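What follows is a set of notes on a single structure, which appears directly below.
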Amino acid sequence: MQHTDYSAKVIDHFMNPRNMGELENANAVGTVGSPACGDMMDIYLEVEGDEIVDASFKTFGCTAAIANSSMMTEMVKGMSLADAENLKNRDIEEALDGLPPHKIHCSTLAADALHEAIKSYKERVASGAEEGEVAAS
Ligand code: FES
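The sequence shown maps to residues 674 to 810 in my numbering.
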């Protein structure tokens with residue numbers, strides 16, 4: 674198989690994805706689809722107070738999308754909601770030592786799904802459906 678376009682880190686996270694599958698204790702879920710290719714991603718978070726204590730993903734997508742999901746879930750564990758909200762697809766891409774230019778759209782999925790999960794969590798806290806402390810943004 675030819676992997677010349679991908680960094681060693683991308684290949685590692687694609688071949689050995691971290692945190693794959695649904696998270697049993699998830700209290701935040703974000704789902705996004707890519708308009709560019711139709712791929713889909715679910716991100717699961719377990720949030721305690723203002724901190725993401727665990728994260729996982731299910732991705733129907735390409736090598737770059739899976740590697741980005743895997744890396745992102747590793748990055749956000751132990752992160753505050755505020756820091757996770759500020760995590761950009763570029764940050765994940767950099768942590769993977771870059772992506773080929775034609776795969777950049779794939780890296781937006783993980784950040785978008787993360788932000789979607791945080792948004793839905795905050796809405797549930799605000800509505801009283803979820804216990805938690807969410808700083809006003
Ligand atoms: Fe669809 Fe990469 S080609 S996410």
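We put the beta carbon where it would ideally sit given N, CA and C, even for glycine. Nothing here was measured: the structure is a model prediction, and the numbers come from that model.
Under DSSP, the alpha helix (DSSP H) around L787 begins and ends at which residues?
Start and end: I777 to A799.
Would you list the residues sitting across from Y679 in a DSSP beta bridge?
Note: Y679 sits in no beta bridge, so no partner.
Could you tell me whether the stretch 677-697 touches the stretch 718-736, where touching means 3 or more Cβ pairs closer than 8 Å?
The stretch 677-697 vs the stretch 718-736: in contact.
Got a sec? Which residues, its chain only, sit under 7 Å from P690 by beta carbon, not counting five neighbours each side?
Excluding positions up to five away in sequence, the list reads I739 and S743.
Check whether the Cβ of S712 sits closer than 7 Å to any heavy atom of the ligand FES, and report yes or no.
Here residue 712 turns out to be Asp, not Ser, going by the sequence shown. Within the cutoff, so yes.
What beta strand (DSSP E) runs, 3 residues minimum, are completely inside the stretch 695-767?
Listed in chain order, the complete beta strand (DSSP E) runs (minimum 3 residues) inside the stretch 695-767 are 701-706, 713-721 and 724-733.
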